[in-house]
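Reading through the structure tokens given below for one structure.
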Amino acid sequence: MLGRLDRWLSRVEDLLSHLASLACFAMMVVIMADVGMRFLFNRPIMGALTLTEMYLTVAVVFLALPKTQRTGGHLRVDVFSSRFPPGFARWVELGWLVAALVVFGLMAYTTGAVAWDTWRAGRVVAGPIPWPRGPALMLVAVGVAGLWLRLALRFLMVLSAVVERKPAAAPVGEEMSR
44 MLGRLDRWLS RVEDLLSHLA SLACFAMMVV IMADVGMRFL FNRPIMGALT
94 LTEMYLTVAV VFLALPKTQR TGGHLRVDVF SSRFPPGFAR WVELGWLVAA
144 LVVFGLMAYT TGAVAWDTWR AGRVVAGPIP WPRGPALMLV AVGVAGLWLR
194 LALRFLMVLS AVVERKPAAA PVGEEMSR
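In the working numbering, the protein residues as written are 44 to 221.
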């Protein structure tokens, strides 16, 4: 069952990662066009900076979080934990996963609630183009919720290994990388 959940979540993470890549490409095109217009015609693209800062950068960072966790791309300091006995290391990992699940769960919920309220209230960025704030906050909520799902799956995998007294679950990035 965990394998099926992993395959489904991996597809979602891949989709979010592709969207983050598209946002990165769009950021490059917008900035390049803005610089070109500014240099050649002294007419920068109106709203390019806000678009890049509010939407594209947020999409690049937050939509890539879940896949980065799956592939072990986040910074991990294991100076001490790599020296722990396997059984104790699993319990330590479970503790850290519980803490991360609480923090990222609260972050996803709160950001999602604020995004929804902001969207419903029609709040926009002050400036020549009234960019709505809600979608940018929703990108954060979606990315963090995806990270929470990946952490929850990891928690279940490690807990399963503890309960069934199996060898330690593979480190992050090894058990689910392709």
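Idealized CB from N, CA, C, for every residue including glycine.
Since the structure is predicted, the reported quantities are computational estimates derived from the model, not experimental observations.
Val157 and Leu180 look like a contact to me (Cβ under 8 Å); what is the Cβ gap, rounded to whole Å? 6 Å
Using CA atoms only, rank isn't needed, just tell me which of Leu149, Thr93, Val168, Val206 is closest to Ile74. Thr93
How far does the alpha helix (DSSP H) with Ala188 in it reach, from first residue to last? 177-206
Give the single residue among Asn85, Asp77, Thr111 whose Cα lies nearest to the Cα of Ser53. Thr111
How close, in whole Å, do the beta carbons of Leu202 and Asp49 come, if the pair is a contact with beta carbons under 8 Å? Not confirmed; about 15 Å, so no contact.
Nearest-angstrom Cα separation, counted from Arg208 out to Pro173: 57 Å
Around the Cβ of Gly165, are there at least 16 other Cβ atoms within 10 angstroms (buried) or fewer (exposed)? exposed
When the distance is taken between beta carbons, is Ala184 closer than 8 Å to Gly138? no
Do three or more CB pairs link the segment 127-141 to the segment 80-91 at distances below 8 Å? no
Can you grab the Cα-Cα spacing for the pair Val104 / Met150, in whole Å? 15 Å
How should Ala76 be labelled, buried or exposed, when 16 other C-beta atoms within 10 angstroms of its C-beta is the threshold for buried? exposed
Can you tell which of Pro171, Val72, Gly177 has the C-alpha that lies nearest to the C-alpha of Trp162? Gly177
Under DSSP, the alpha helix (DSSP H) around Arg133 begins and ends at which residues? 129-164
Could you tell me which of Gly170, Gly189, Glu56 sits nearest to Met97, measuring between CA atoms? Gly170
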